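To start, the structure itself, in structure tokens.
In the numbering used here, the protein residues as written are 9 to 638.
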């Protein structure tokens with residue numbers, strides 16, 4: 009059977025191992041060819057081909073619940089559930105999502121864009137199954153990187169203590185987005201070199217009980233001996249002590265090994281953990297030999313060489329500007345420390361790590377710990393810079409509130425991927441951080457318009473000694489490289505006027521500055537003059553400037569690549585309300601009250617009207633015509 013003929017997991021139920029091997033080759037070739045055009049998460053999916061086939065061969069989806077943690081390794085699952093022909097639209101506007109999506113298929117029973125959630129969801133589904141008296145398997149598939157997340161460990165503890173029938177598949181490829189770190193990773197390393205001790209133990213027990221008359225007593229004594237031995241020879245005792253029966257390590261690319269372990273687990277009562285060893289990027293040499301996470305998620309590439317087809321940009325990546333500035337400041341100040349939750353590669357901190365290996369702390373997928381860690385560092389007079397994606401900072405919100413802001417600690421937050429991020433879609437759009445941060449006492453929030461201002465903001469954040477401060481910066485590249493010049497500390501809460509005008513005022517910042525200036529220039533051709541303000545400090549606002557604007561009695565338009573609810577525009581409205589002064593005519597443009605799905609950033613901005621044309625139309629509605637102004 010050809011890959012394109014598979015419309016449902018039941019289509020492979022009767023496949024022999026040899027047929028499955030042939031299908032594995034087809035799937036890998038398809039992924040390599042298709043993702044060279046669309047881009048996507050190549051490495052993770054090449055690593056789980058046999059595992060996914062084995063799961064769908066032995067379980068009955070969607071009756072049995074397969075839950076893919078993070079979800080970037082769900083492409084093969086999507087192919088086996090009838091979506092192969094849609095892969096030309098993968099991560100494209102209105103196309104196939106790069107993560108599990110309930111409205112795409114009945115087989116996607118949990119949506120995962122952030123890591124470490126599958127085990128908690130699985131426990132919830134197991135509880136519901138048992139209360140309803142149903143009979144099906146609940147099977148979360150979680151990576152070794154995701155297992156470092158505190159939420160995953162909390163769920164392991166709960167599942168084990170309740171003795172629920174959950175079969176956990178630990179997909180161990182020694183990497184998450186980048187090489188894993190931490191003690192748990194080291195435990196898994198020892199497990200990889202272990203033997204399948206549980207299998208041998210159970211076979212011995214069965215044989216001893218067959219001995220007439222004395223078999224039971226011998227088995228009882230032997231059980232105590234074997235349990236003692238396990239502490240000496242079985243690293244899987246970590247999971248055994250959590251209440252799980254541990255099977256493995258299992259070769260994740262060997263169908264017979266996979267089938268045996270899964271069937272064995274299905275016959276065992278209580279929580280099971282099958283430790284599967286896979287090779288990230290298997291079958292494609294550039295991805296297979298990747299040691300730093302380059303092939304975790306990629307854009308279009310040349311199949312023959314693996315060379316990226318990404319269009320060259322004139323300016324450096326925003327993350328690189330931040331990292332280079334950190335290096336510059338850290339070279340002058342030994343108190344500067346960088347912290348990241350498994351994003352050393354994504355946030356371009358590799359050079360910082362090389363130059364200051366003792367001052368870069370990658371804590372793994374543990375955003376809550378990273379946030380409180382930064383607070384602890386700050387109490388000792390150091391200067392912690394927490395580099396974290398906007399969408400991941402959401403996971404450390406309580407720690408920002410309780411451990412950093414409440415104690416007014418000097419923690420600098422580098423909020424990477426702020427704004428729309430494009431193809432990763434709704435789980436990764438960084439459009440909520442202003443709303444959940446600006447209501448917190450003590451914090452300062454800012455966003456640069458260009459690479460030069462970005463450098464100054466990073467420097468300002470590290471020099472700030474009056475509580476927590478955050479600099480937001482987008483995904484992608486700045487228009488131009490920063491100039492070589494001394495860094496300067498920006499006056500907190502001070503905006504700048506970029507263009508003068510008398511008919512209306514645009515207040516905006518960051519990625520919206522250029523489009524606002526373009527709109528203002530177009531309106532000039534129709535005899536409108538628009539003042540454009542770089543409102544680079546989102547908190548505190550430039551209150552002095554806002555009071556002057558109120559006296560001008562002209563319309564104000566706020567624009568932000570962020571959720572309108574609780575965003576920058578809301579802050580401006582709140583200011584005028586609290587001032588108890590006449591509020592000028594204000595309208596707001598930003599992201600509406602819904603989750604924004606995947607597509608290119610430009611397509612998404614077009615969809616929600618954050619374009620030059622949209623701004624021009626809005627201002628023409630707000631500003632009186634020339635005749636009326638006269």
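Ideal Cβ positions, reconstructed from N, Cα and C, are used throughout, including at glycine.
What you are looking at is a predicted structure, and each value in this text was computed from that prediction instead of being measured.
Taking the Cα positions, residue 103 is about 31 Å away from residue 457. Under a 10 Å Cβ-count criterion, residue 263 is classified as buried, with 16 or more other Cβ atoms of the shown protein chains found around its own Cβ.
By the CB criterion at 8 Å, residue 265 and residue 145 fall outside the cutoff. Sequence-distant Cβ neighbours of residue 551 in its own chain, meaning closer than 8 Å and more than five residues away, are 501 and 583. Inter-residue distance for residue 398 and residue 13 is about 41 Å (C-alpha atoms, whole angstroms). Membership of residue 595 in any alpha helix (DSSP H) is not indicated; the residue belongs instead to the beta strand (DSSP E) covering 594–599. Under DSSP, residue 29 shares a beta bridge with no residue. Within the segment 278–366, the complete beta strand (DSSP E) segments of 3 residues or longer fall at 280–285 and 344–348, listed in chain order. By the neighbour-count definition (other C-beta atoms within 10 Å, threshold 16), residue 384 is an exposed residue.
In this structure, residue 106 sits near residue 433, with a CB-CB distance shorter than 8 Å.
For residue 520, the secondary structure class from DSSP, reduced to helix, strand or coil, is helix.
Cβ atoms of residue 59 and residue 286 come within 8 Å of each other, at about 6 Å. In this structure, residue 627 and residue 531 form a Cβ contact; the two beta carbons are roughly 6 Å apart against a cut-off of 8 Å. Put simply, the backbone Cα of residue 16 is about 35 Å away from that of residue 251. For residue 579, the enclosing alpha helix (DSSP H) starts and ends at 576–587.
Runs of alpha helix (DSSP H) with 4 or more residues, each lying fully within the segment 384–435, are found at 398–401, listed in chain order. Classified as buried, residue 372 has 16 or more neighbouring CB atoms from the shown chains inside 10 Å of its CB. The count of Cβ pairs closer than 8 Å, one atom from the segment 166–177 and one from the segment 146–154, reaches three, so the stretches are in contact.
Rounded to whole angstroms, the Cβ separation of residue 571 and residue 607 is 17 Å, and the two are not in contact under 8 Å. Annotation: the continuous beta strand (DSSP E) that includes residue 545 extends over 545–547.
About 25 Å separates the beta carbon of residue 511 from that of residue 546, a gap too long to meet the 8 Å contact definition. Residue state for residue 255 is assigned as strand, using DSSP reduced to three classes. A direct Cα-Cα distance of roughly 8 Å separates residue 553 from residue 503. The beta carbons of residue 120 and residue 126 sit about 6 Å from each other, so the pair counts as a contact at 8 Å. The segment 392–409 makes contact with the segment 337–355: 3 or more CB pairs, one atom from each, lie closer than 8 Å. Residue 54: not part of any beta strand (DSSP E); member of the alpha helix (DSSP H) spanning 50–55, first to last residue. Under the 10 Å beta carbon count, residue 260 is surrounded by 16 or more other beta carbons and is classified as buried. Under the DSSP assignment, residue 566 falls in the beta strand (DSSP E) whose first and last residues are 564–571.
In this structure residue 131 touches residue 166 by the C-beta definition: roughly 6 Å separates them, less than 8 Å. By the C-beta criterion, the segment 314–329 is judged to be in contact with the segment 454–468, since at least 3 inter-stretch pairs fall below 8 Å. Where residue 487 is concerned, there is no enclosing beta strand (DSSP E), because DSSP gives it neither an H nor an E. For residue 551, no beta strand (DSSP E) segment is defined; the enclosing uninterrupted segment is the alpha helix (DSSP H) at 551–560. Counting along the chain, residue 179 sits inside the beta strand (DSSP E) bounded by residues 175–180. In the structure shown, residue 494 falls within a coil segment according to DSSP collapsed to helix, strand and coil.
Here the segment 43–51 makes no contact with the segment 271–279; the two share fewer than three CB pairs at distances below 8 Å. With contacts defined as CB atoms closer than 8 Å, residue 11 and residue 87 qualify as a contacting pair.
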